[in-house]
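J.:
In full-length UniProt numbering, the protein residues as written are 1 to 335.
Next up, the structure:
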């Protein structure tokens with residue numbers, strides 16, 4: 001009898017030990033079954049679906065402090081210019097709204113892929129080593145954050161910025177580099193260069209030049225149909241060059257003899273409006289980019305003892321328009 005009890009106790013002990021072993025095995029098995037990363041030795045996610053974009057707020061700053069006196073030593077230069085805003089409910093009749101940027105000139109405006117507004121301009125205060133500044137607004141132009149445009153290599157005296165948004169969402173910035181001519185009686189041959197950016201502030205230069213031409217200023221680039229058009233100024237005259245890729249432009253024809261420094265925008269599926277300077281801001285329309293019909297009147301007349309030029313129009317909701325433009329006192333400008 002005693003022997004039977006001993007056997008029963010031993011049997012129960014063995015069962016308990018076996019059950020415990022099974023539970024322990026299941027526990028450690030569950031730990032070892034946790035999936036490991038698909039690329040344990042790589043910081044690159046295994047698939048695009050796993051990529052979560054980082055939301056980083058751009059911190060804009062200027063390279064140096066504001067100049068206390070004219071850094072260009074030019075009484076008609078950008079140190080004495082401001083950028084104003086005019087608004088319109090029809091894209092034709094504009095009225096002054098507000099001052100936007102002080103000591104800035106030759107503005108262009110673009111809406112980025114995330115609906116941010118960006119103004120590019122010549123920095124009249126000498127704060128930017130590139131010569132160009134950018135102002136960013138995330139509230140439809142109510143407030144602006146300003147800073148210097150940054151290039152990945154040295155650019156000597158970039159000016160007259162013009163920007164387009166490319167199909168991939170990147171920004172291409174066209175700008176003028178002026179030929180340094182010691183003999184002031186010689187007409188300079190200036191060039192348009194370009195750079196691209198993913199964030200609108202830091203730009204990588206593209207090799208070569210987009211266009212080189214005598215006394216060229218103020219490029220205005222727009223895609224019409226399958227071609228890229230670059231309108232550019234020679235004083236009061238406006239000329240046109242064409243490119244198939246937006247990189248290599250060739251002169252095509254003169255557009256008008258009186259009325260330059262243009263900005264061209266699409267207003268319908270087939271029609272483009274070109275805003276330009278001629279004792280105020282006027283406009284013309286075209287369907288092919290080469291033949292233009294002048295609109296009647298002015299889009300914006302200058303105020304008393306005031307000079308306005310360098311229009312940068314942008315359509316917003318409905319038929320509402322914004323137009324940023326350069327303003328200077330008549331006594332401070334010859335144009």
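Beta carbons are placed, not taken as given, at the ideal position from N, Cα and C, and that holds for glycine.
From residue 281 to residue 311, what does the alpha carbon distance come to, in whole angstroms?
T.: The straight-line gap from Cα to Cα measures roughly 7 Å.
J.: Looking at residue 142: is its Cβ nearer than 8 Å to the Cβ of residue 135?
T.: Cβ atoms of residue 142 and residue 135: not closer than 8 Å.
J.: Does residue 311 come out as helix, strand or coil in the three-state DSSP assignment?
T.: It is a strand residue.
J.: Mind checking which residues open and close the beta strand (DSSP E) that includes residue 111?
T.: From DSSP, the beta strand (DSSP E) with residue 111 extends over 104-111.
J.: According to DSSP, is residue 79 part of a helix, a strand, or is it coil?
T.: Correct three-state label for residue 79: helix.
J.: How many whole angstroms separate the CB atoms of residue 159 and residue 173, which I take to be in contact at a CB cut-off of 8 Å?
T.: The pair is not a contact, with the Cβ atoms about 12 Å apart (cut-off 8 Å).
J.: Under 7 Å Cβ to Cβ from residue 202, same chain only, skipping five residues before and after it: list those, please.
T.: Cβ within range, chain order: 150.
J.: Unbroken beta strand (DSSP E) runs of length 3 or more, entirely within the segment 276-313: which are they?
T.: Runs of the beta strand (DSSP E) inside the segment 276-313: 281-286.
J.: Comparing C-alpha positions only, which one of 296, 324, 242, 236 sits nearest to residue 226?
T.: Residue 242 is the option with its Cα nearest to residue 226.
J.: Are residue 213 and residue 189 close, meaning C-beta to C-beta below 8 Å?
T.: Going by C-beta atoms, residue 213 is nearer than 8 Å to residue 189.
J.: Select from 197, 294, 260 the residue whose C-alpha is nearest the C-alpha of residue 273.
T.: That would be 294, whose Cα lies nearest to the Cα of residue 273.
J.: Closest to residue 140 by C-alpha separation, out of 110, 327, 211, would be which residue?
T.: The shortest C-alpha separation from residue 140 is found at 110.
J.: DSSP beta-bridge partners for residue 135?
T.: DSSP lists 119, 146 as partners of residue 135.
J.: Does DSSP put residue 100 in a helix, in a strand, or in coil?
T.: Of the three classes helix, strand and coil, the one that applies to residue 100 here is strand, per DSSP.
J.: In chain order, what residues of the same chain lie with their CB nearer than 8 Å to the CB of residue 319, ignoring the 5 residues before and after it?
T.: The answer, listed in chain order, is 89, 90, 91.
J.: May I have the straight-line CA-CA distance separating residue 268 from residue 283, to the nearest angstrom?
T.: Answer to the nearest angstrom: the Cα atoms are 15 Å apart.
J.: Have a look at residue 147 and residue 95 and give me their C-alpha separation to the nearest angstrom.
T.: Taking the straight line joining both Cα atoms gives about 28 Å.
J.: Alpha carbon to alpha carbon, how far is residue 257 from residue 271?
T.: Computed Cα separation, rounded: 22 Å.
J.: Where do the ends of the beta strand (DSSP E) carrying residue 214 lie?
T.: Here the beta strand (DSSP E) through residue 214 covers 211-214.
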